[in-house]
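Step one of this worksheet: look at the structure below.
Number of protein chains: 2
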Amino acid sequence: MLVSALLTSLGINFGLCVLFFTLYSILRKQPFYYDVYVPRLLVEGTSKRRSRFNLERLIPSPGWVRKAWKLSEEELLSLSGLDAVVYMRIITFSLKVFLVAGIIGIFVILPVNCTGDQLEDIDFSDFSNNSLDVFTISNISSGSKRLWVHFSAVYVVTIFIWYLLYYEYKYISSKRIAYFYSSKPQPHQFTVVVRSIPVSVRSSISDSIETFFKEYHPSTYLSHTVVHRTNKLRGLIEIPAAFVSFKTRYGAATAFHLQQSINPTHWVTEQAPEPHDVYWPFFTSTFFRRWISKLVVIVACILLTILFLLPVIFVQGLTNLSQLEVWLPFLESILTITFVSEVVTGYLPSLILQLFLKAVPPIMELLSSIQGYVSHSDIEKSACNKVLWFTIWNIFFATVFSGSVLYQLSLILDPKNIPARLAVAVPAQASFFIAYVVTSGWTSTSSELFRLIPLIGSLITKPCKSTDDELVVPTIPFHRDIPRLSFFGLLGITYFFLAPLILPFLLVYFCLAYIIYRNQFINVYEPKFETAGKFWPIVHNSMIFSLVLMHCIAVGIFTLKKVSLASTLIFPLPILTLLFNEYCRKRFRPIFIAYSAESLIKKDREDQNDATMDEFFHKLVTAYQDPALMPIQFSTNTDSLHSPLIYSDEV
Amino acid sequence: MLVSALLTSLGINFGLCVLFFTLYSILRKQPFYYDVYVPRLLVEGTSKRRSRFNLERLIPSPGWVRKAWKLSEEELLSLSGLDAVVYMRIITFSLKVFLVAGIIGIFVILPVNCTGDQLEDIDFSDFSNNSLDVFTISNISSGSKRLWVHFSAVYVVTIFIWYLLYYEYKYISSKRIAYFYSSKPQPHQFTVVVRSIPVSVRSSISDSIETFFKEYHPSTYLSHTVVHRTNKLRGLIEIPAAFVSFKTRYGAATAFHLQQSINPTHWVTEQAPEPHDVYWPFFTSTFFRRWISKLVVIVACILLTILFLLPVIFVQGLTNLSQLEVWLPFLESILTITFVSEVVTGYLPSLILQLFLKAVPPIMELLSSIQGYVSHSDIEKSACNKVLWFTIWNIFFATVFSGSVLYQLSLILDPKNIPARLAVAVPAQASFFIAYVVTSGWTSTSSELFRLIPLIGSLITKPCKSTDDELVVPTIPFHRDIPRLSFFGLLGITYFFLAPLILPFLLVYFCLAYIIYRNQFINVYEPKFETAGKFWPIVHNSMIFSLVLMHCIAVGIFTLKKVSLASTLIFPLPILTLLFNEYCRKRFRPIFIAYSAESLIKKDREDQNDATMDEFFHKLVTAYQDPALMPIQFSTNTDSLHSPLIYSDEV
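Line by line, the protein sequences are chains A and B.
Residues 1 to 651 (my numbering) are what the first sequence spells out, left to right.
Residues 1 to 651 (my numbering) are what the second sequence spells out, left to right.
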């Protein structure tokens, strides 16, 4: 790809961003669009539909940027919960990483690459006609001593990322514990889900539960709610699952951690989700059905991965103009026009990819929802993981190795050649990924601000809606946005020493994300559940993977460039990274699974002298209300929450 | 290999067995050898050293066989504990499997194989000159309808093994629970090991422990014993680990299951072993040292596996006479003698293999002991697993694929070709493994009875020993014997439809083992610890692996023999086997890890009215006595238990 193609792509996207920002700055002030741009404020009543017209409304103003910038972490925490704080910390974490990597990349590695002598010298008279490759490591000749600069950069950045990862895991762990300590008594802290309750002919499920828990948890058992579900054929049915509440958090934790019955498949307990986070269809499916579903989901994921290669191959063809002319000869005349060819190679490929990618998060959420999770937050977490690995595999590896599943499989089956093949293939795709950051990153973030799809949706449905219809405040689709942030992190980490030119574009992306998402948390999104930071370990794992991948590429590159001492000296890095990860798993992971006896007992003791606890326990008894037993109106509302596509309001 | 070579091997081993049995029947009656053959009875005082000589002592008598045969499961349980019962059930399980497989194999598959037309017809006039291959599946021509007999046999035997595995897992689970219910209060049921106790400058470790557990387990905490170890440099040291005892089993279980501290790396709890089962050196090594040890052990296992291929390759050469003649041309004249060549091909290879194999269990136990386990039983279990997989890899796969590590690795890296390669290689080694069963199985079992090595050891050391020296009763080395039984199970399962001739020899082996081990449990071995059946899951896993391996071979064979429909129809079997295994893991595995709340509370309640509990609690306080603080004499005795080689009394 030539510099000019990149500049074209940059121009188009910069234009789009400016357009979206301007339009947003105007439209957000129009009462007609309040439901799109400030639904949260509208529902909370802090924003009233202004009817008086004034000229100021038509002039774009950047006031919202200042407001978003000034928001403190405490305000964000009280506004949108710990998950939003963790989300913003993913962005600040990436900003820190790429600021340091960026300084090293632009001021040290880039000059070294540019003054290399492997490729043609940079033609400063016709700058835009230079190949982007002269800015990459490809421009350094084999055996050159300059490669030790790259080697040092790999070490410095790796150590810096270790430090940041450790610091961040520690910080979020402490936030999680602090959040628990400062939380009011909540039903899910005192409750466990019990499944596979043995059905006996002599007594009802409710009686069995009471007998069992009064027998084995006499001092802490409080109450229970048997789950009922409606069935089209048989009406209301008698399901052997229940929410069992305890008088203390420690009591609930004990019931959850210990195997209850002699038969481990009976009286299976797990932590209860928040009442509004319960995914009720979970209870309808039997054990066997959930098992089959899991198999189906695995097969579906594999199929999706294979089918997705088709658009990727097509996109690959576009970046390679000459091949496209062979495939579609009638395009030859059009493609000779410079601008067209620049759009085709610089912009179109990543746009097409991006459109296909849009469909992945909702599909993955659908798959996760049939897999058998008891809560929406678990579904979201599982979908987040699926989307992340799908993206890494199908965007990174499929693009890098341009091709067929069989070829990719042959790579897995030949592990010792992976570094060498990565070393050849990864730098070759540097320009594609730089364009990808600009297209997919910049545009998706600013269209997140402009809320293009909800805007269109609102314009279409508004005429049909009555004013009485309740406004639904959207939730941020973590399973779409966290994998995206992580994937850009992976691109940055793997490319920073190969093609440091990617770093300024990434920094712009994360800066945009920083402002825009803070603004969206204030105006648009409302938290639907609180996992108290359980998304962080996913990001941590993806960073560890990125580091190890980067080390593999470095080993390959240094071997290819015949600096074998450097490639040998890189070897300790992936091993130390994995050991570091192992340490973090031991040190922090358990905090994200369950609270410790120490915290639970401390919190329980605090409550002992609290007069409001009686009222809380009174409410707790009916907290896990069964939607099937609620009045129709309410039931319908709750049912809409069960749709797995609820969060994907913006496709 | 010819029938005659097998007959030679059979003759030699049969002779050895008869010799060992006869010698045993005589020597066991000589008071001089009581310490070798009935050490257990001697120590228990049920057998007195008879001095009066009579002629009967010199005549071999089979009375011990009747005694061993008549021993009931309840007697064995009270005599040697649940582990011995489980050990005998592994043998009876194998007997049941190979009885059914044997009937099908000998009466259905063998005639089908013999009447095949792929190889030369059996020459009945000179029977011993036939190749053993005519009895195997190799004799069936491609595309033959007869292969459906093998196909059906695979299905029938697989389903029968599923049923038996399920039944056995269920039976042993119930035995384990019954054992727990019937057990007297034991110190380890009420105790947890606490490690990584944060050290503070203001208070001693003992005070910290008391403060912590009185704070968070006020109603159940009983007492604690801080672990002290002697150090050559610094004398007695203050280690941050302790045994903490509770007033109830449920209290101890709660402390073990829940993460105690906010920091998951502090106050780490695990189940306490029985007091005499504690592996004290565990406490001396630091967390970091244990981590490094683990890495070292992994590397050592890999090295051992690679080095072990040298004898295997040598043995391979022996079974292939012509190759041996190329290697060592001067042997040509000797090898032309029929008997010599028969010994070399039929007997020598597996004898050499067996000798090398003898060294593996002690080495693996040594490796396990430095890996960081708190008890001897855990070390034994880990060593058992290591020896099992080492045997499967280095005997089965190395023999089958006759060769280099690289070749084996290339197989792993090319999974879709595994069935095809197995199909070619496995039947080719049938005759070797038949000989292996006879040599390694028969001879090792009868030498187990004869106790060859302890006998020699006793003869050498007896003149130097004073009569005051206490007699040490040996323990059965589970980590040597369970992998052997499992490996013969694997051979039987994988070969039953390929070369059913292996089955009668296996049946004889298991019958011998049945009588001999019962006899040894009565007379020789004394249990040193009680895992209450925790070895069974290892055997279960190895059986599942054997089944899946057999299915892979079947797929390969049917593809090779061009009955592709059969190979397609085999496919559901491995999948169903893995699902079956998954179900067993859910249904039974948790029972082997910890007891359920239900059992613990029931048992605790029984004790409430027991008057002897006060005395028990009084003893419990000092149960975990520190060997470093004991009088020298006792300390030495206990130290000898720590030697990882203690069980390998018979090399």
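Every residue gets a Cβ at the ideal spot worked out from N, C-alpha and C, and that includes glycine.
Under 9 angstroms from the C-beta of residue i: neighbouring residues of chain B
i: Tyr166(A); result: None at all; the shortest Cβ gap to chain B is about 13 angstroms.
i: Gln371(A); result: Near Gln371(A) there are no residues of chain B at all, since even the closest Cβ is about 15 angstroms away, more than 9 angstroms.
Chain A residues whose Cβ lies nearer than 7 angstroms to that of residue i
i: Tyr216(B); result: Ala597, Glu598, Ile601
Neighbour list for residue i in chain A, Cβ cutoff strictly below 8 angstroms
i: Thr265(B); result: Lys586, Arg587
i: Ile177(B); result: Ile262
Cβ distance (whole Å) where residue i is taken to contact residue j below 8 angstroms
i: Phe496(A); j: Val157(A); result: 6 angstroms
i: Leu258(B); j: His257(A); result: 5 angstroms
i: Val86(B); j: Phe529(B); result: The Cβ separation is near 13 angstroms, so there is no contact.
i: Val621(A); j: Ser196(A); result: Their Cβ separation, rounded to whole angstroms, is 23 angstroms, which puts Val621(A) and Ser196(A) out of contact at 8 angstroms.
i: Val244(A); j: Phe288(A); result: That pair is no contact at about 24 angstroms.
i: Phe510(A); j: Ile91(A); result: 6 angstroms
Rounded straight-line distance, which links the Cα of residue j to that of residue i
i: Leu82(A); j: Thr399(A); result: 35 angstroms
i: Ser341(B); j: Lys465(B); result: 45 angstroms
i: Glu219(B); j: Val65(B); result: The sequence given here has Ser at residue 219(B), not Glu. The alpha-carbon atoms of Ser219(B) and Val65(B) are separated by roughly 55 angstroms.
i: Leu422(B); j: Pro574(B); result: 16 angstroms
i: Ser652(A); j: Ile460(A); result: Outside the displayed range of chain A (1 to 651) lies residue 652(A), so it cannot be described from this structure.
i: Leu23(B); j: Ile476(B); result: 22 angstroms
i: Ser142(A); j: Ile570(A); result: 17 angstroms
i: Tyr37(B); j: Asn523(B); result: 7 angstroms
i: His217(B); j: Glu380(A); result: 37 angstroms
i: Gly116(A); j: Thr136(A); result: 9 angstroms
i: Ser542(A); j: Lys175(A); result: 21 angstroms
i: Trp393(B); j: Val360(B); result: 13 angstroms
i: Ile12(B); j: Phe127(B); result: 19 angstroms
i: Ala153(B); j: His540(B); result: 21 angstroms
i: Pro537(B); j: Arg484(B); result: 15 angstroms
i: Phe616(A); j: Arg28(A); result: 41 angstroms
i: Thr439(A); j: Ala5(A); result: 13 angstroms
i: Phe488(B); j: Leu309(A); result: 47 angstroms
i: Ile103(A); j: Tyr436(A); result: 21 angstroms
i: Phe592(B); j: Asp481(B); result: 21 angstroms
i: Val555(B); j: Thr531(A); result: 47 angstroms
i: Phe397(B); j: Tyr166(B); result: 28 angstroms
7 angstroms Cβ cutoff, residue i in contact with chain A
i: His224(B); result: no
i: Pro644(B); result: Annotation note: pLDDT 33 at Pro644(B) (below 50); position unreliable, coordinate value reported separately. It does not: the Cβ of Pro644(B) has no partner Cβ on chain A nearer than 7 angstroms.
i: Ser200(B); result: no
Within-7 angstroms CB hit, residue i to chain B
i: Pro590(A); result: yes
i: Thr284(A); result: no
i: Ile460(A); result: no
i: Asp649(A); result: Annotation note: pLDDT 29 at Asp649(A) (below 50); position unreliable, coordinate value reported separately. It does not; no Cβ of chain B falls within 7 angstroms.
Interface residues of chain B facing residue i [CB-CB closer than 7 angstroms]
i: Gln429(A); result: Residues of chain B passing the Cβ test: none, with the nearest at roughly 26 angstroms.
i: Ser261(A); result: Ser596, Glu598
i: Ala253(A); result: Leu258
Under 9 angstroms from the C-beta of residue i: neighbouring residues of chain A
i: Thr220(B); result: Here the premise fails: no neighbours, minimum Cβ distance about 12 angstroms.
### Query
On the three-pair Cβ rule with 8 angstroms, is the region 349-363 of chain B touching the region 245-252 of chain B?
no
### Message
Between the region 579-592 of chain A and the region 444-457 of chain A, can you find at least three pairs of beta-carbon atoms closer than 8 angstroms?
### Response
no
### Task
Taking 8 angstroms as the threshold, find out whether the region 545-562 of chain A comes into contact with the region 482-499 of chain A through three or more Cβ pairs.
yes
### Query
How do the region 187-202 of chain A and the region 267-279 of chain A stand: do at least 3 beta-carbon pairs fall below 8 angstroms, yes or no?
yes
### Message
I want to know whether the region 502-509 of chain B touches the region 555-569 of chain B - three or more CB-CB distances under 8 angstroms.
### Response
no
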